[in-house]
Structure formats: structure tokens, C-alpha cells
Amino acid sequence: MVSEINTSEKTVTSEKEGRVASLARRRHRVTRSLLALPLGWLVLFFIIPVSLVVAYSVGILETFTKEEGVSLETWRIFLTGENVYMLLFIKSFRMALIVAVVVVILAYPIAYFLAMIADKYKYSLLLLMIAPFMTNFFMRVMAWKVLLGRQGVLNSFLIWSGLRDEGNPIEGLAFGEIPVMIVLGYVWIPFVMLPMFAAMISMDRRLLEAAADLGASRWRAFWKVTFPLSLPGVVASFFFVFIPTIGEFVVPKLVGGTKGYMFGSAIDDLFGMGLDWRTGSVLSLWLVMAVFILALLFMRLVRFGRLAES
Amino acid sequence: MSDGRDPISRRDFVKLAGKGALVAGAMPAALAACGEDAPPETVVVTETVIEERIVTETETVIEEKIVEVEVPGEAPTTTMGMREAGLAAENGADLLIYAPPGREVPTQWPGYLGRFPHPQFAATAGSFASLGELQLGAIEPDIWNPCFAVFDTAVSEGLVQPWDTSLIPNFADLNPNLTAATSRDGNQYAIPLLYGLAIPIYRADLYTPKENSYSILFDEDLAGKVTWTDSAEWFVVAGKLPENNVANPLDPTEEELDRLVEFMKRKIRIVPAALYSDLATNQTDLATGNIVASYVAPTQWIELTKQGVDIAFVTPDEGFIGFSCGYFLMAGADQYYHAHEWVNSAVSVEAALTISNKFNFGNSNLKATAVDNPLLVDVMGLGDPAALDGVSLLDKMQNIDRLNDAWIEVKAAAGV
Amino acid sequence: MTASSSVTSEVGIHLKGITKTFGEVVAVDDVDIVIREGEFYSLLGPSGCGKTTSLRMIAGFEVPDTGRILLRDKDVSGDLPSKRNVNMVFQHYALFPHMNVEDNVMFGLRVSGVRKKERVQRVAEILEIVRLPGFQKRKPFQLSGGQQQRVALARALVNRPSALLLDEPLGALDVKLRREMQLELKAIQHDLGTTFVYVTHDQEEALTMSDRIAVMNLGRVEQVGTPREIYEHPESSFVAGFIGSLNAMDLKIQQRQDDTGGMTVGEGWVIARVDADVAVGTTLRAAVRPERIALGPAGAPVHPDGSVVVGTVEEVIYLGAMSLFHVDIPGLGQLVSQRMSHEDESAYRTGDRVSASWELAHTLVLE
Chain A
380 MVSEINTSEK TVTSEKEGRV ASLARRRHRV TRSLLALPLG WLVLFFIIPV SLVVAYSVGI
440 LETFTKEEGV SLETWRIFLT GENVYMLLFI KSFRMALIVA VVVVILAYPI AYFLAMIADK
500 YKYSLLLLMI APFMTNFFMR VMAWKVLLGR QGVLNSFLIW SGLRDEGNPI EGLAFGEIPV
560 MIVLGYVWIP FVMLPMFAAM ISMDRRLLEA AADLGASRWR AFWKVTFPLS LPGVVASFFF
620 VFIPTIGEFV VPKLVGGTKG YMFGSAIDDL FGMGLDWRTG SVLSLWLVMA VFILALLFMR
680 LVRFGRLAES
Chain B
4 MSDGRDPISR RDFVKLAGKG ALVAGAMPAA LAACGEDAPP ETVVVTETVI EERIVTETET
64 VIEEKIVEVE VPGEAPTTTM GMREAGLAAE NGADLLIYAP PGREVPTQWP GYLGRFPHPQ
124 FAATAGSFAS LGELQLGAIE PDIWNPCFAV FDTAVSEGLV QPWDTSLIPN FADLNPNLTA
184 ATSRDGNQYA IPLLYGLAIP IYRADLYTPK ENSYSILFDE DLAGKVTWTD SAEWFVVAGK
244 LPENNVANPL DPTEEELDRL VEFMKRKIRI VPAALYSDLA TNQTDLATGN IVASYVAPTQ
304 WIELTKQGVD IAFVTPDEGF IGFSCGYFLM AGADQYYHAH EWVNSAVSVE AALTISNKFN
364 FGNSNLKATA VDNPLLVDVM GLGDPAALDG VSLLDKMQNI DRLNDAWIEV KAAAGV
Chain C
80 MTASSSVTSE VGIHLKGITK TFGEVVAVDD VDIVIREGEF YSLLGPSGCG KTTSLRMIAG
140 FEVPDTGRIL LRDKDVSGDL PSKRNVNMVF QHYALFPHMN VEDNVMFGLR VSGVRKKERV
200 QRVAEILEIV RLPGFQKRKP FQLSGGQQQR VALARALVNR PSALLLDEPL GALDVKLRRE
260 MQLELKAIQH DLGTTFVYVT HDQEEALTMS DRIAVMNLGR VEQVGTPREI YEHPESSFVA
320 GFIGSLNAMD LKIQQRQDDT GGMTVGEGWV IARVDADVAV GTTLRAAVRP ERIALGPAGA
380 PVHPDGSVVV GTVEEVIYLG AMSLFHVDIP GLGQLVSQRM SHEDESAYRT GDRVSASWEL
440 AHTLVLE
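Chains as they are written, first to last, in the numbering used here: chain A, 380 to 689; chain B, 4 to 419; chain C, 80 to 446.
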């Protein structure tokens with residue numbers, strides 16, 4: 380009898396344990412299926428495509444039967460600078476850097492004005508600033524050609540006002556590296572403003588009062604308080620411009636001419652007209668890696684910023 | 004046609020026809036044409052077997068156009084022409100033509116509509132871009148209309164199959180220079196539709212050529228006032244210059260190409276702005292004198308002349324470069340017979356006249372002499388079968404991917 | 080009232096006829112405040128009474144529409160905040176999140192060009208005083224609320240301001256920490272002898288810490304006095320009601336004798352000291368604080384020379400050390416008596432008939 384009871388008790392215990400275990404298992408399953416969604420997304424839209432590009436880059440996959448075989452040769456040629464594309468990357472990197480820095484510098488005062496000074500009009504003004512950018516992208520780019528072209532608004536004005544002789548307009552504004560950077564800057568400015576605007580608008584105004592209270596002039600308060608606290612926004616804005624600019628190919632096609640050719644243009648051409656998917660893939664992967672490393676850097680900087688804020 | 008079709012699915016049947024395989028009803032006639040007499044047999048063949056034959060015997064099918072497929076069913080009681088049978092076996096409404104936008108206008112393929120269902124059209128975005136898409140299988144048309152700089156690649160890659168010229172009565176009237184350029188190993192892989200000469204034009208009031216040559220497009224005196232096109236054919240242009248000493252500009256050797264690349268990297272700096280892709284802007288720039296010399300198709304010279312612009316062209320001592328465009332029959336075409344019918348109408352005299360009168364291109368049909376476009380006749384020597392004799396047709400470019408790669412590298416170098 | 084030894088008769092801060100409006104709203108209405116050097120001075124009132132605006136005008140964050148602000152007899156009305164030798168402790172501390180404790184505290188010293196060696200030393204000293212020694216390298220987000228509070232205090236005090244302005248500095252802390260900090264703040268103020276101007280809506284806090292309190296309401300100063308004066312002799316029903324709790328009643332003068340007047344309530348009566356010009360038949364507003372009301376058996380007056388009324392215990396609320404007795408007095412209303420829980424009178428239960436009585440001096444006449 381005693382042993383019977385014991386046994387039944389044991390059974391109960393083990394049953395309970397079993398139930399707990401199965402619950403745990405179920406919970407585990409739930410967690411796993413919850414994880415599966417983002418994981419699946421990642422696999423579907425990142426890992427598989429990138430793997431395919433990798434396969435093209437080493438010749439495992441081929442679109443056209445060139446029979447070059449599987450090797451890292453295309454990588455070697457690119458990385459050792461045997462062809463021109465590494466130089467082109469450096470040039471595009473430099474252009475993206477210039478555009479990003481200039482645009483951030485130009486957009487910062489606007490963001491500052493909107494966030495800190497415009498007061499109750501700030502959102503209306505923000506909307507006004509963004510409004511022109513709801514028009515068609517190509518129209519906006521073409522507008523620059525109208526402005527900067529040889530017979531554009533600028534040159535017409537200069538000639539009309541006698542600042543330039545007729546038949547001697549300012550060249551190189553309609554096509555080339557400079558117009559590419561001007562147009563890209565113009566395209567990005569409203570977007571660039573937003574992270575900085577957000578950083579400043581979320582800043583505690585009393586910090587500025589505290590600085591003033593402690594004797595700081597407005598200038599000093601700006602550099603010691605507002606600016607360091609808006610840095611995460613500045614960093615975000617910088618990458619907002621830098622990352623898409625370095626791979627840009629549409630604007631160079633429209634206003635780049637022969638001088639404004641960029642790394643992205645080469646990728647576009649290698650896949651499109653060149654049908655050289657192998658080199659195109661090498662260049663694409665290199666760009667992805669560069670952007671990825673920069674994004675990591677960016678996240679670290681922003682996280683640092685967020686820590687500083689909290 | 005219901006006879007003998009039952010055990011095979013309609014789709015497979017159509018596929019067989021599309022591959023150029025013998026169609027059930029047409030078999031006796033076809034065999035008869037080969038000088039053999041085939042007794043009507045009734046053999047039961049399962050679907051799988053037929054599927055297999057399609058896959059494994061495609062090559063042979065293309066080569067011989069006839070394959071002895073033993074198709075179940077009763078022997079046809081009537082003898083029909085292979086063409087009629089083939090047409091009947093296809094669903095003409097599925098004929099898909101992958102062509103530049105505009106080709107869907109029926110005046111360019113007169114006489115087809117009425118007799119066959121309206122075909123479908125998909126617009127290409129340039130010859131090389133469409134080549135990539137076709138290679139990837141992004142689109143599977145029956146007919147593809149590029150310009151034939153892609154000829155070598157398209158044929159080598161097995162993307163296209165030869166036309167059966169016996170099914171294209173108008174073929175006999177086509178310019179032999181053009182048809183020769185689009186055939187290989189005795190197979191007519193493409194049916195040329197139009198051609199043009201790539202002419203170096205210049206503003207006669209602003210510039211005097213130092214020589215009659217494509218070299219005006221490389222003249223440093225014109226730095227900033229020349230436009231080129233964005234195309235690997237510039238190696239052909241550069242290769243034709245005597246100073247570059249290239250044996251065959253349409254297929255330079257590695258050593259020659261290296262020299263041309265260096266030459267181009269140096270010269271591309273005189274091109275100010277875009278390698279133009281926008282004809283309208285280029286034309287405006289030429290009219291205003293922003294651009295003094297350019298490399299164009301005759302249509303731009305004609306339009307500028309009509310505008311009253313003092314524009315002239317050089318007839319190069321080294322001979323013209325020419326391009327032609329037309330129709331490929333895709334290797335996987337389902338609508339084999341309809342494709343032939345359509346192409347026949349698309350190269351008819353009437354269609355050819357539309358090409359020359361409306362679009363300012365040379366046409367491939369030598370009988371289309373009544374061209375009411377004096378300027379075009381003037382520049383192209385239209386109607387003269389020998390007009391293309393000394394012309395380097397880009398159709399004959401070899402290993403174009405090599406040239407494309409080099410061209411992109413030249414552009415990249417210009418950008419650095 | 081033992082005032083801090085450091086309080087002098089010198090005027091530290093003088094607000095002269097200050098008015099400030101925001102749009103239609105009059106935030107501060109013709110206010111005169113004199114704060115003595117070394118004093119712990121509180122501005123007390125409900126939200127919207129103008130206390131914070133007054134403080135911000137002293138700091139210079141707001142400019143008064145009319146009136147003048149004098150700091151040690153110098154008119155600073157038009158000066159920027161950075162030019163005024165006062166420092167502020169903000170409600171939520173407003174520590175610079177991107178700087179460590181040392182840089183925060185050093186901020187003002189840096190601005191005023193104090194040399195590095197002295198800066199470091201003064202920061203160390205002040206951190207000692209606010210009991211955060213060795214916290215120099217911590218970042219604000221690594222500190223607790225109380226610690227952040229101390230850093231804010233140190234950041235202001237390190238500049239040796241002529242007055243420290245505190246805007247509800249303890250508002251974000253929990254009750255226990257707040258009590259501790261109250262004492263600590265008071266001790267620091269005592270030790271340093273700096274004038275503290277302290278804004279709070281918490282009457283207990285004001286009573287605990289202040290040398291003097293200005294009770295503000297609707298942009299005006301209702302009463303200025305020591306905590307005891309304010310508590311025991313509120314000059315208006317607002318002050319009486321705002322400071323401590325209150326049994327308010329209408330006192331209809333039925334009889335007058337010398338400087339007192341009173342009315343009968345059932346078997347009992349309520350008397351108060353009244354001014355000479357108050358005639359019989361006048362109704363005054365009067366009040367008595369709960370802790371002043373003693374309870375006894377019905378019919379036995381506890382304070383024979385004061386007021387006594389009789390009623391029934393309706394409710395007993397036990398609060399630990401204290402108990403509250405709600406007594407229904409026919410003809411008067413409900414009175415709340417607060418008694419120590421351990422006292423005999425706390426034995427009364429609901430339904431008991433009791434007498435409630437208080438001394439003459441404890442009947443507060445409010446108007």
C-alpha cells in the first residue's frame with residue numbers, strides 16, 4: 380500500500396515534470412518560430428542574393444559562357460589595382476565624402492534654425508522645405524541642367540549682366556564631377572536635415588539654460604552643449620548621404636558626362652551593357668562590404684551618442 | 004487536326020512545332036520532300052518519351068528541321084503543307100515580339116493582321132540590356148529585334164536559331180551585304196530590317212575638317228565640342244583610323260585592343276559632357292553650336308539639314324561604319340511559323356518604305372526603291388546593292404563583351 | 080524659531096514691483112520680495128502661482144514686464160543669465176548628459192576662467208560637501224536620482240554664487256530620499272551660508288527647511304513669514320488652507336467680550352479673538368487645525384477657557400502614530416481631530432459621544 384502510494388506520487392511528479400518539460404519545449408518552439416521570421420527574411424533577401432553575387436564573382440555562376448573557370452582572378456585584378464576600378468572607388472569615396480560633409484554642414488544651420496529658433500512655425504517650415512522634393516526626381520535634376528547649362532539661367536545672367544563675354548560662358552557646370560556633387564547635395568539636403576532636426580528637437584532646452592546660468596555665452600553653450608548633443612544626428616545625417624552617394628549611378632548618368640563617372644556607374648555598365656557580371660559582382664560586393672563596414676561604424680557611433688544622451 | 008493529337012498535351016504539341024520539329028499532320032509531306040515515303044504507322048508513344056525527345060533532340064531538330072517522331076494516331080487523310088500545318092498548330096496570338104518601342108505599329112508589318120491574330124509586343128531598352136535579360140530568361144519572346152552588334156554573342160550563346168528563309172518569300176529581295184553579315188556557317192540567324200551609316204557630322208560654318216576621316220571626332224582642336232555615343236563601337240571607329248594601324252577594326256587583337264584602350268583613354272577627355280544618349284539634346288546642341296562635331300545616324304543629319312543648320316558630313320577615306328538591326332528567331336520560340344510570317348511582312352517593300360520615309364533609316368529591301376527621302380538617298384546611296392560594299396558593318400564585331408569591358412574601363416579611367 | 084546663524088539683515092535679493100504676463104495670463108502680479116543675505120527662503124504655492132516664474136526672473140531666464148530685480152543692491156533686471164552671479168538647480172537637474180561629473184561641476188569654473196589646478200581642487204571640495212567624493216569620472220546616466228541631484232547642487236554651488244536658486248529640486252525623488260535630502264540641503268545651506276531661494280509646492284518641505292516662506296497664489300504673495308508664523312497665524316484662508324489641514328467654519332458673532340467674540344453651538348460654544356471693530360452679528364471665517372482639537376467625554380470641557388462642542392464620533396482613521404477622528408457636531412458640521420494614537424483619548428470608537436475642545440488662541444480667524 381505504501382509503496383503503491385509512493386509509486387503513484389512518483390508518477391504524479393514525473394507527469395508534472397513531463398508537463399513542465401513539454402511546456403518548456405513548446406515555449407522553445409515558439410521562440411524558434413518567432414526567430415524564424417526575421418531569419419527567413421534575412422536569408423531570402425540578403426544571404427541568398429549576396430551568395431549568388433559571390434558565386435558570380437568567382438565564376439561559379441556565369442551568365443555568358445566565357446569559360447574563365449572558378450578562380451579569384453577577377454578579385455585579384457580589382458584588389459591589386461590592375462584595372463581602373465579601385466581608383467574609381469577611391470574617387471567615388473572622395474566624392475561621397477565631400478558631398479556628405481558639405482551637405483551636413485549646409486543642412487545643420489537649417490535644422491538648427493527649425494528646431495531651436497523657428498518655434499511654433501517649425502513644422503510648417505519643415506514641410507515647406509520638403510515640399511519641392513515631392514516633385515519628380517528627374518525633373519529636379521533637369522532643372523539643374525537648365526540652371527547650370529552653357530545656355531542656362533546662370534550663364535544667361537552672367538552674359539546679360541556683362542560679367543562674362545558672349546560666347547564665353549562658364550563651362551563644366553552642366554556636366555562633370557562638380558554638377559554631380561551639386562545635384563546629389565541638392566537631392567539629399569531635406570533628408571539630411573531630418574536626423575539632425577530630430578536630435579535637436581529632442582534635446583532638453585533646460586541644458587541651454589543651465590549653461591547660460593553657469594555663465595556660458597550662447598556661442599559657448601552651442602559648442603559645449605547643443606553641438607555635442609546633436610552629434611548623433613549629425614553622424615546619422617552624414618551616413619544618410621554618404622552611403623547612397625558612394626554607389627550612385629543615376630545622377631552621374633544625367634549630369635556626370637565623362638568626368639562624373641562613378642563606381643556605381645561602372646557597376647551599372649558592367650551588368651548592363653558590358654554583360655561582364657563577374658567584374659560587376661566583384662565591384663558590387665566590394666561596395667556592399669564598404670557600406671557594411673561604414674554602417675557598423677555608424678551604429679557604434681550612434682549607440683555611443685545614445686548612451687551619452689540617456 | 005484533331006487526329007493524332009490526343010495522347011500528347013496541346014502544350015507539348017505546340018512546343019514540338021515551335022522547335023521546328025515535324026508536326027504530326029505534316030509528317031508525310033515533309034518526308035516526301037526528303038524523298039522518302041513513310042508508311043502511316045500507329046505507334047503508341049507515351050508523353051514522357053516525347054518530352055525526352057524534345058529535350059535531347061533539340062539540337063538535331065534545329066539542324067535538320069525534320070525529325071522522325073512517331074506520333075500516335077491515325078494517318079492523316081489529306082496531305083498538307085508543312086507551313087499550313089505548323090501555323091494551324093500554333094496559337095498565333097501568343098507570338099511575342101521583343102522590340103524597341105514603336106515596332107508594335109501595324110504599318111511596319113503590313114498584311115499580317117487580317118491573316119493572323121494580333122501578336123504581342125514587349126519593349127526592349129537597348130540591344131545589350133535585352134541580351135542580358137534574354138540570357139537570364141527574364142523574358143521568353145519568339146522574335147527579338149536588336150541591332151546586330153550583339154550578333155556574335157547571341158549566336159555563340161545559343162540564344163537564337165536560324166530562320167528558315169524558304170518560309171520568308173521577301174528574303175530574296177534583301178540586301179546581300181546585310182544578309183551575309185547576319186549569317187554564320189550557312190545559317191541565316193537574323194533577318195535584317197534596317198541599316199544606317201555612322202556618319203561624322205560637323206558644323207560647316209564653325210569647323211573645317213583637316214582630312215576626310217573619322218579623325219575629326221578625335222580632333223583636339225574641338226575639345227569640349229565633340230560628342231560620342233556611349234558604345235563599344237568606338238573601338239571600331241578608332242580602329243579604322245590609319246594612325247592606329249588595326250588590321251580588322253571589327254575584331255582587334257589583344258595587342259591592338261590594348262593600344263586602342265590607351266588611345267581612347269587619352270582622347271575621351273575631349274568629350275566634354277555626356278557620351279550622349281539623348282538624341283534630342285545632341286541635336287539641339289549641334290543646332291546651337293554648343294557641339295560642333297558628332298557621330299550620328301543619318302537621321303540627325305537629315306533633320307538638322309531640314310532645320311537649315313549648316314551641317315555637313317565627312318565621307319571617310321577609310322570607309323563608313325554601318326550598323327544594321329533586325330530580327331532574331333529565339334531558340335525557344337513557340338510560334339515558329341507565325342514568327343516567319345510576321346518577319347516576312349516586316350521586311351516587305353511596304354514596310355521597308357515606312358522605315359526609310361518615316362524613320363530616316365536605310366532599309367534592307369532592295370525592291371523598296373520608291374523612297375521619297377532625297378537626303379537619305381543622297382547620304383546612304385539607297386537602292387544601290389553595292390552601297391554597303393566598303394562599309395564595316397558592326398554586325399561583324401567579334402567578342403563584343405571584350406570590347407564592352409574595355410569601353411567601360413575607358414569610361415572609368417576618364418572619370419578617375 | 081532658530082534662524083541660521085548666517086542670516087544677516089543685509090538684503091540679498093530684492094524683487095521690486097515685478098509683473099510678468101505670458102500673453103493673456105498674468106503669471107506674476109506686482110510682487111515685492113525681499114530676501115536677506117544667507118537666508119533659506121522658500122517660494123511656496125500651488126502650480127501656476129508664479130513661484131517658478133519669479134525664480135526664473137531672478138535667474139534671468141525671464142524678463143519682467145515691469146519692476147526691478149536687485150542682487151546685492153545692484154539692478155540686474157536687464158542682464159543676461161550668464162551675467163548674474165546666481166546659480167540654479169533645475170527641476171530635473173539638467174545635467175549635461177555627455178559630460179562626466181567633473182566636467183559638469185567644472186562647467187561654470189571653466190567659463191569663468193578658473194585655472195585648472197584650482198578647478199580640480201574646488202570640484203573635489205564641493206563633491207565632498209555634497210557627499211559624492213570620488214565620483215568625478217562617472218557619467219550622469221550612471222548615477223541614481225539622489226546622486227544626480229547632488230551633482231546638480233555641486234555644479235551650482237562650486238561657483239560660489241551670491242544666491243542659489245532651486246526649482247523644486249527634490250520633486251523627482253521618492254519620499255524617503257526626499258526627506259533625507261531636505262535635511263542635507265538645509266545642512267549644506269547652513270554650512271556654506273549661501274542664500275537659498277527655494278521653489279516648492281510641498282508645504283511640508285517648505286516648513287522643514289525654510290528660514291522664511293513666501294506663500295504665493297495667482298501671481299501674488301499672500302503672506303511672508305517664518306514657518307511658525309505661516310502655520311500658526313495664516314493671514315488668509317488660502318494660506319491657512321494651503322499650509323496644513325484645517326477645520327473651517329463660519330463663526331457668527333453672537334456675543335462680544337473684551338477682545339473675544341463667540342457663538343453657541345448646541346450645548347457648547349466656539350470663541351475666538353476678534354478685532355475691536357467686529358460687531359455682534361458679523362459672520363467671520365474661522366478655522367481650527369485638527370491637531371489642536373482635544374477630545375473628552377461629553378460634557379467635560381477640556382479647555383474651559385476655550386471652545387468646546389459636543390458631537391458623535393463618525394469615523395476613526397488609524398494612521399500609525401496618529402489617528403484621525405471625524406466628529407459630527409450638530410449645528411457646526413464635521414470636525415477632524417488628530418490625536419496621538421497612544422493617548423487615552425484615542426480609545427474613542429465610532430458612535431461615542433465626545434466633547435471636542437481647543438484653546439482660544441487656536442481658533443484662527445482668517446479674514
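Ideal Cβ positions, reconstructed from N, Cα and C, are used throughout, including at glycine.
Just so it is clear, the structure is predicted and the values come from calculations on it, not from any experiment.
Closer than 9 Å to chain B by CB, residue i
| i | result |
| --- | --- |
| P428/A | no |
| T444/A | yes |
| T624/A | no |
| R679/A | no |
| Y640/A | yes |
| N462/A | yes |
Proximity test, Cβ basis, 9 Å: residue i and chain A
| i | result |
| --- | --- |
| S84/C | Here S84/C scores only 48 on pLDDT, less than 50, and its place in the model is too uncertain to base an answer on. |
| T156/B | yes |
| G21/B | For G21/B, the predicted model reports a pLDDT of 38, less than 50, meaning its position is unreliable; a value from the coordinates is still stated below. No, G21/B lies away from the interface with chain A (no Cβ there is under 9 Å from its Cβ). |
| G139/C | yes |
| Q166/C | The sequence as given places Asn at residue 166/C; Gln does not occur at that position. By this cut-off, N166/C is an interface position. |
| E223/B | no |
| I271/B | yes |
Contact belief for residue i with residue j at Cβ below 8 Å, rounded distance in angstroms
| i | j | result |
| --- | --- | --- |
| M400/B | W147/B | Their Cβ separation, rounded to whole angstroms, is 18 Å, which puts M400/B and W147/B out of contact at 8 Å. |
| T279/C | A242/C | Contact doesn't hold; Cβ gap of about 16 Å is too wide. |
| S436/A | T459/A | The Cβ separation is near 15 Å, so there is no contact. |
| V482/A | I568/A | 6 Å |
| G375/C | E424/C | 7 Å |
Partner residues on chain A for residue i, Cβ-Cβ distance less than 9 Å
| i | result |
| --- | --- |
| S324/C | Correct list: empty, because the minimum Cβ distance to chain A is about 34 Å. |
| Q444/B | For residue 444/B there is no data in the structure shown, the boundaries of chain B being 4 and 419. |
| D404/B | F443, K445, G653, L654 and D655 |
| E257/B | The premise fails here: E257/B is roughly 15 Å from chain A at the closest Cβ pair, so nothing lies under 9 Å. |
Short CB-CB distance (under 9 Å) between residue i and chain C
| i | result |
| --- | --- |
| S581/A | no |
| K603/A | yes |
| A494/A | no |
Residue i: CB within 8 Å of a non-hydrogen atom of the ligand MN
| i | result |
| --- | --- |
| L385/B | Of ligands this structure carries none, so the ligand MN is not represented either. |
Chain-ordered chain A contacts of residue i [CB-CB under 7 Å]
| i | result |
| --- | --- |
| G187/C | L593 and G594 |
Within chain C, partners of residue i - CB distance below 9 Å
| i | result |
| --- | --- |
| L608/A | F175, P176 and H177 |
| A615/A | Simply none; closest approach about 16 Å. |
Closer than 9 Å at the beta carbon, the chain B residues around residue i
| i | result |
| --- | --- |
| D648/A | D233, N407, W410, I411, K414 and A415 |
| Y487/A | Here the premise fails: no neighbours, minimum Cβ distance about 30 Å. |
### Complete alpha helix (DSSP H) runs within the segment 261 to 338 of chain C (minimum length 4 residues, chain order)
282 to 288, 306 to 311 and 316 to 321
### Message
Does the segment 201 to 215 of chain C come into contact with the segment 242 to 251 of chain C, if we say contact requires no fewer than three beta-carbon pairs (one atom in each stretch) closer than 8 Å?
### Response
no
### Three or more C-beta pairs below 8 Å linking the segment 544 to 559 of chain A and the segment 576 to 596 of chain A
no
### Query
Hey, which unbroken runs of the alpha helix (DSSP H) at 4 residues or more fall wholly within the segment 542 to 626 of chain A?
556 to 580, 585 to 592, 597 to 600 and 606 to 625
### Query
Is the segment 476 to 490 of chain A touching the segment 643 to 655 of chain A in the sense that three or more CB pairs, one from each, lie closer than 8 Å?
no
### Message
Check whether the segment 432 to 440 of chain C and the segment 392 to 408 of chain C are in contact - that is, three or more C-beta pairs closer than 8 Å.
### Response
yes
### Task
Taking 8 Å as the threshold, find out whether the segment 651 to 666 of chain A comes into contact with the segment 431 to 447 of chain A through three or more Cβ pairs.
yes
### Message
For a minimum of 3 consecutive residues, which ranges assigned as the beta strand (DSSP E) are wholly contained in the segment 416 to 491 of chain A?
### Response
none
### alpha helix (DSSP H) runs contained entirely in the segment 627 to 663 of chain A, provided each spans 4 or more residues
642 to 650
### Message
For the pair the segment 318 to 332 of chain B and the segment 226 to 234 of chain B, tell me if three or more CB-CB distances fall below 8 Å.
### Response
no
#### Entry: alpha helix (DSSP H) runs contained entirely in the segment 375 to 418 of chain B, provided each spans 4 or more residues
377 to 383 and 403 to 418
#### Entry: Sufficient close CB pairs (3 or more, under 8 Å) joining the segment 137 to 146 of chain B to the segment 378 to 385 of chain B
no
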